[in-house]
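Colleague: Reading the sequence shown from the start, the letters are residues -36 to -1, 1 to 274 in mature numbering (1 follows the signal peptide of the UniProt record, and there is no 0).
Just so you know, even glycine gets a beta-carbon here, dropped at the ideal spot from N, CA and C.
Computed from a predicted structure; not experimentally measured.
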Amino acid sequence: MVRVPDFRTVNFRTVIKVVPMAAAMSATIIAGAALADDQAVSPNAGLAADIVVNGQPISVNHVKLMAGGLDVNSQGERVASPEDAQRAARAELITEEVLAQAAKKKGIDKRADVVDQLAYQQRAILSRAYLEDYFEQNPVNDATLKAAYEWKRANNKIVEYKVRQILVTSDAVGREVIAALNKGEDFASVAKKYTQDPGGQNNGGDLGWFRPDIFVDHHFTDEIESLKKGQYSKAPVRSRFGWHIVKIEDGPRVIAKPQPYEALDDSVREALRQRGAQQQIESLTTKLTAEAKVTGPGAAGSVNQKSAKR
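#1: Buried or exposed for Arg202, going by 16 or more other Cβ atoms inside 10 Å?
#2: Out of Asn18, Ala49, Glu255, Gln20, which has the shortest C-alpha to C-alpha gap to Val27?
#3: Are residue 293 and Arg54 closer than 9 Å when you measure CB to CB?
#4: Using a Cβ-Cβ cutoff of less than 6 Å, which residues in the same chain neighbour Lys211 once the five nearest sequence positions on both sides are dropped?
#5: Inspect the beta-carbon positions of Gly172 and Lys116 and report whether they are closer than 9 Å.
#6: To the nearest whole angstrom, what separates the beta carbons of Trp207 and Pro216, a pair I think is in contact under 8 Å?
#7: Would you kindly work out how many angstroms separate the C-alpha atoms of Val79 and Lys68, rounded to a whole number?
#8: Work out the CA separation of His182 and Leu131 for me, nearest whole Å.
#9: Would you decide whether Gly194 is buried or exposed? Buried here means 16 or more other CB atoms lie within 10 Å of its CB.
#10: Taking Gln20 as part of the beta strand (DSSP E), name the residues at either end of that continuous run.
#11: Does the separation of the CB atoms of Val141 and Ile209 fall below 9 Å?
#12: Excluding five sequence neighbours on each side, which residues of the same chain lie with their C-beta closer than 8 Å to the C-beta of Gln242?
#13: Could you tell me the distance, in whole angstroms, from the CA atom of Leu63 to the CA atom of Leu57?
#14: Where Ser247 and Leu90 are concerned, what is the direct C-alpha to C-alpha distance, given to the nearest angstrom?
#15: Between Lys257 and the rest of its own chain, which residues show a CB-CB distance below 6 Å, the 5 nearest in sequence each way excluded?
#16: Report yes or no: do three or more beta-carbon pairs, one from the region 154 to 167 and one from the region 223 to 241, lie closer than 8 Å?
#17: May I have a chain-ordered list of the beta strand (DSSP E) segments no shorter than 3 residues that lie completely inside the region 90 to 152?
#18: Please classify Pro176: is it buried, with 16 or more other beta-carbons within 10 angstroms of its beta-carbon, or exposed?
#19: Express the C-alpha separation of Ala220 and Thr185 in angstroms, rounding to a whole number.
#20: Taking buried to mean at least 16 other C-beta atoms within 10 Å of its own C-beta, is Pro46 buried or exposed?
Structure below.
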């Protein structure tokens, strides 16, 4: 099953090498707890209790969810035994529960900003669960990925580019960067000043030779493939990582003897699967959005604009 990663907290350069698969699920512990009375559902409803705090059960499943985030670090390395992680999880959940109960006694659970935050979390959890269910029914087809890759390999379509990039947190900052470049400022110097990519702050945004076909986010790679040597982005390009300004230092050059699909590293094949998954998600969300009635003052220009450059 393809798990849907939360790329809001993923380092861009980490994904170039290995596509991360872990995602935080701790928000399920509190989502829905502060909804209006006619919508209120216990976050532990229907689940076996592991701990009971003032009559409020904390489920075995919640302990497992919390423990799953405590026994490994961000690189997936085990840092605690499962037993130690569960003990720590129980202590943390008891602390959260007594604080949550104290908040309810003061009526904080009815406060508009709290209700709004919980609704936001609930929407995110439901959308993620829907996508996970979708991929159980519609898995990424490895044979299709292999056929597409082998066609490119046979037809000398596997290429690489020497790339620099500046990664920023907003379209407005991206346009500020482009304005500086348009005035003739050196790309590497501007990258050191603006980029949010930690590696790029040290080397002027240099990504080295880069293969677009094995990177997960096609919005970024589409921009690379649209530019010629010496050109840079004329508008910020949005991806799941932020907004990019890209410059092509050299290329494209054909990779003389790319490996066959079966010989690719697991991380590269995973990147291809995740890229295929992303394309399936975009097709699905485009269809669902087209079928939805979207109104309100913020609707104009927002629908189907996730990949828009402008």
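Modeller: Taking the structure as given:
#1: buried
#2: Ala49
#3: Any property of residue 293 remains undetermined from this structure, which presents the chain solely from -36 to 274.
#4: Arg128, Phe151, Tyr196
#5: Their beta carbons are not under 9 Å apart, which means Gly172 does not touch Lys116 by this criterion.
#6: Rounded, the Cβ-Cβ distance is 23 Å, inconsistent with contact.
#7: When rounded, the distance between both Cα atoms is 12 Å.
#8: A direct Cα-Cα distance of roughly 16 Å separates Leu131 from His182.
#9: exposed
#10: Start and end: 20 to 23.
#11: Taking 9 Å as the cut-off, the Cβ atoms of Val141 and Ile209 count as close.
#12: Val180, Asp181, His182
#13: 10 Å
#14: 19 Å
#15: Closer than 6 Å at the Cβ level, and outside the excluded window around Lys257, lies no residue.
#16: no
#17: 123 to 132
#18: Buried, because 16 or more other Cβ atoms sit within 10 Å of the Cβ of Pro176.
#19: 20 Å
#20: Pro46 sits exposed, since fewer than 16 C-beta atoms from the chains shown fall within 10 Å of its C-beta.
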